Amino acid sequence: MVIYVNRFLPSSRKHAVMKKASCDKFPRVLLFPEGTTTNGKVLISFQLGAFIPGYAIQPIIVRYPHVHFDQSWGNISLGMLMFKMFTQFHNFMEVEYLPVVSPLDNCKENPAHFAKRTSHAIASALNVVQTYHSYGDVMLLMKASESKQEKPSSYMVEMAKVESVTGKVTCGFDTKDPFSPLVGVSSEDECIHRNNTVAKSFSDIALTCSFELFHVSSLEAVDFLDKFLSMNPDASGRVKFHDFLRALRVRTCTLSEELFGFLDVEKKGSITFKQFLYGSAHVLKQPLFRQACELAFTECDTGGHGLISEQELGDTIRLAIPNLDEDEIHELFNVFDTDGDGIVSKDSFISCLRRNPLLVALFAPCLVHKDSSQGGFRMLEVV
1 MVIYVNRFLP
11 SSRKHAVMKK
21 ASCDKFPRVL
31 LFPEGTTTNG
41 KVLISFQLGA
51 FIPGYAIQPI
61 IVRYPHVHFD
71 QSWGNISLGM
81 LMFKMFTQFH
91 NFMEVEYLPV
101 VSPLDNCKEN
111 PAHFAKRTSH
121 AIASALNVVQ
131 TYHSYGDVML
141 LMKASESKQE
151 KPSSYMVEMA
161 KVESVTGKVT
171 CGFDTKDPFS
181 PLVGVSSEDE
191 CIHRNNTVAK
201 SFSDIALTCS
211 FELFHVSSLE
221 AVDFLDKFLS
231 MNPDASGRVK
241 FHDFLRALRV
251 RTCTLSEELF
261 GFLDVEKKGS
271 ITFKQFLYGS
281 AHVLKQPLFR
291 QACELAFTEC
301 DTGGHGLISE
311 QELGDTIRLA
321 IPNLDEDEIH
331 ELFNVFDTDG
341 DGIVSKDSFI
351 SCLRRNPLLV
361 ALFAPCLVHK
371 DSSQGGFRML
381 EVV
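Just so we're aligned: 223 in UniProt numbering is position 223 of the sequence shown, and the numbers increase by one with no gaps anywhere.
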């Protein structure tokens, strides 16, 4: 059966799914909502396709009792799977139907919450734990394996946390926070007020407050992994300070130490990919990130020609890192000048900062001003 949709209209697919789901003329479809094969010891996050229509779900558990060979594990070729199944006298399969899970009647339940309730019912019946891993973690695992990392599994980050959006937190931070200009305060309900009992730095809040704020796609996460792998992680998957600076093309200074400290929340002198991804994603998804990038470009473009020269970029960055020599400026300029033509357009500038969101801290001095009315602390805003 073919279901036709308008590929240029996002709502078309959703409408088609709901239309077919509400029609009794078609047989029900059996879906494997994890979207990939696991070892059965945990239940990973569900894809939302089956839950978008908002109709009742019939959870089914399929077990494969075995003694020697588990035919449910997918990390094996089809030929070897058939051979090992033939070498067993019996291959068993058990199917268990769980109670139907229906959407909540008293409110309009979103697909993510509906999927979470369904997965909880299945996990309870299987007596396994639920995790936030998704197919995106498989992509990260494969990328790490292709790069010959000793422990590819250490690069999985529970992508469902990074991909989902459960709310927006906007805060004010102190002067030591290199990313304060990206944060806006929109209401009391959305603000984390600073006091003696609240986290003392941006890194404390960014990496312990909530991880379900980023809405970073799997492809974006793979791009961040590319950047992290360029930092030469060790056998345990951790990157040290000097390798971090080498990849970002910045020298040891107060700002670079603050950048690394922002990620190194464990204060071990090295960072994991999860810390790098969460920190980068938090900066990238700040509500004022795009405006900050545009303003930074305007401040660099002193000639008003819509293009930045190496000299103009260097003059602006020296406000954040004084005493940079010409070679160091040239290295940083090459990060932005991807086509090597000696100038950087606005699109290239913003694209570079999207790939390397931590570098936006280089332009903090031209993005912020002080509000002395906050006493010992302050709110910073884009100017």
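The beta-carbon is built from N, C-alpha and C at its ideal position, and this holds for glycine as well.
The model shown is predicted, which means the values in this text are computed figures rather than measured ones.
Taking a contact as a CB-CB distance under 8 Å, the pair Leu98 and Ile61 counts as one, their CB atoms being some 7 Å apart. Scanning the stretch 331-371 from its first residue to its last, the whole alpha helix (DSSP H) runs of 4-plus residues come out as 346-355. At a Cβ-Cβ threshold of 8 Å, Ser217 and Glu299 do not count as neighbours. In the structure shown, Val162 falls within a helical segment according to DSSP collapsed to helix, strand and coil.
Judged by DSSP secondary structure, Tyr132 falls outside any beta strand (DSSP E); it is assigned neither H nor E. By the Cβ rule, the stretch 56-70 does not count as touching the stretch 152-163, because fewer than three pairs are nearer than 8 Å. DSSP places Leu141 within a helical segment (H, G or I) once states are collapsed to three. Take the alpha-carbon of Asn127 and the one of Gly79: they are about 32 Å apart. Closest option to Val360, judged by alpha-carbon separation, among Asp341, Leu332, Thr37, Phe228: Leu332.
Taking the CA atoms as reference points, Cys366 sits about 38 Å from Met139. For Val62, the enclosing beta strand (DSSP E) starts and ends at 60-63. Looking only at Val222, Ser134, Phe228, the smallest Cα-Cα distance to Leu248 is reached by Phe228. Closest by C-alpha distance to Leu30, out of Ser77, Gln58, Gln286, Val344, is Gln58. In its chain, beyond the 5 residues on either side, Met159, Glu163, Ser218, Ala221 have a beta carbon closer than 7 Å to the beta carbon of Gly136. Apart from the 5 residues on each side of it in sequence, Thr302 sits with its Cβ closer than 7 Å to the Cβ of Glu312 in its chain, given in chain order. Here Glu94 is bridged, per DSSP, to Arg63.
Excluding the 5 residues flanking it on each side, Glu34 has same chain C-beta neighbours closer than 6 Å at Ile44, in chain order. For Ala144, same chain residues with a beta-carbon under 6 Å away, outside a window of 5 residues either side, are Pro152, Tyr155 in chain order. Following the DSSP letters along the chain, one finds Lys116 inside the alpha helix (DSSP H) bounded by residues 111-126.
Residue state for Lys19 is assigned as helix, using DSSP reduced to three classes. Per the C-alpha coordinates, the member of Tyr55, Phe244, Glu266 positioned closest to Val101 is Tyr55.
As far as DSSP is concerned, Lys267 takes part in no beta bridge.
If you look at Ser280, you'll find it in the alpha helix (DSSP H) that goes 273-284.
In this structure, the straight-line span from the alpha carbon of Thr316 to that of Phe363 is close to 7 Å.
Cβ neighbours of Lys84 within its own chain (closer than 6 Å, five residues either side excluded): Phe69. At the C-beta level, Glu328 and Arg246 stay beyond 8 Å of one another.
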